[in-house]
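Student: The sequence shown begins at 246 in our numbering and counts up by one.
Glycine included, each C-beta is placed from N, C-alpha and C at the ideal position.
Since we're looking at a predicted model, the values are computed, not measured.
One structure is given below, represented as structure tokens, and several questions about it will come after.
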Amino acid sequence: MTQKELFVSASQGAENCKIILGIRMPDGTKEIIINDNVANKVDYVCGKYDDDLKMHGAPIVIEEFLFIKK
């Protein structure tokens, strides 16, 4: 199973959750993103990131993700 498939699988049933993403930026720093619109963020990630959760056309990688109840 690819990282993207794991991400999509983890998002199933997460409608009443927040998503937390740990993102490695091009300069090597890490950013944490918290978003409460899970469906929108999952759609965005699926469109902008490859199977390894690396952004198309940019050296940005989602290294961790977590769905937590609101």
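Grab me the residues of SER256's own chain with a C-beta within less than 7 Å of its C-beta, minus the 5 sequence neighbours each way, in chain order.
Tutor: Around SER256: VAL283, VAL287 and PHE312.
Student: So for GLY273, helix, strand or coil by DSSP?
Tutor: Correct three-state label for GLY273: coil.
Student: Looking only at its chain, what residues have a beta carbon closer than 6 Å to the beta carbon of PHE252, apart from the 5 residues adjacent to it on each side?
Tutor: Contacts found: PHE310.
Student: Does DSSP put LEU266 in a helix, a strand or coil?
Tutor: Reduced to three states, the DSSP call for LEU266 is strand.
Student: Return helix, strand or coil for LYS299, following the three-state DSSP convention.
Tutor: LYS299: strand per DSSP, three-state reduction.
Student: Within 10 angstroms of the Cβ of TYR289, are there 16 or more other Cβ atoms? Answer buried if so, exposed if not.
Tutor: So TYR289 ends up on the exposed side.
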